[in-house]
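To start, the structure under review is shown below, and the notes come after it.
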Amino acid sequence: MRFKCIYKEQSEQEEAYQLKSQKHICKHASLFLSNMPFKAKTNPTEQPDEEMLKRLIMEHDRNGDHVLSKHELKEAFKELGSRFPSLRTHMAMRFADKDKSGYVDDGELNGLVAYIMKLGYSVK
Numbered sequence: 008m009r010f011k012c013i014y015k016e017q018s019e020q021e022e023a024y025q026l027k028s029q030k031h032i033c034k035h036a037s038l039f040l041s042n043m044p045f046k047a048k049t050n051p052t053e054q055p056d057e058e059m060l061k062r063l064i065m066e067h068d069r070n071g072d073h074v075l076s077k078h079e080l081k082e083a084f085k086e087l088g089s090r091f092p093s094l095r096t097h098m099a100m101r102f103a104d105k106d107k108s109g110y111v112d113d114g115e116l117n118g119l120v121a122y123i124m125k126l127g128y129s130v131k
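For what it's worth, this note's numbering labels the leading residue of the sequence shown as 8, then goes sequentially.
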């Protein structure tokens with residue numbers, strides 16, 4: 008009976024350790040991926056013009072309301088050549104969506120463009 012109790016305590020400790028490890032990995036995954044180099048479709052030495060980048064992003068505003076949803080922004084990151092468009096979209100929304108509406112409007116577009124340029128994406 009004593010052996011079963013020790014075994015049970017060890018398995019609970021192992022489960023707690025695994026859960027702690029998973030939380031640690033998830034916590035730092037976005038930092039790791041944000042610093043991970045990406046392979047752009049265009050020449051990485053080209054510096055995008057802000058207006059060209061704004062135009063490219065706003066081309067993905069499918070419904071024409073001058074507001075970008077997460078899905079529209081994800082499509083823009085795909086066109087820019089992102090290897091992880093979902094993660095890039097999530098991080099860009101956290102950076103640019105100041106009012107936490109879930110959309111990037113005209114007032115927040117400059118912040119989004121600055122974030123994308125900081126990541127080093129370029130436009131053909």
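For every residue, glycine included, the Cβ atom is placed at its ideal position computed from N, Cα and C.
Bridge partners - residue i, DSSP secondary structure assignment
i, result
"L75", "V111"
Nearest neighbour of residue i, chosen from the options [CA to CA]
i, options, result
"L80", "Y128, M124, L119", "L119"
"R95", "D68, K107, I123, E115", "I123"
"D68", "A83, M98, H97", "A83"
"R101", "E115, S89, L60", "E115"
"A103", "L87, G88, K125", "K125"
Local conformation of residue i per DSSP, three classes
i, result
"V130", "coil"
"E66", "coil"
"S89", "coil"
"K105", "coil"
"A121", "helix"
Three-pair Cβ contact test at 8 Å for the stretch 97 to 115 versus the stretch 76 to 86: Yes: at least three Cβ pairs fall under 8 Å.
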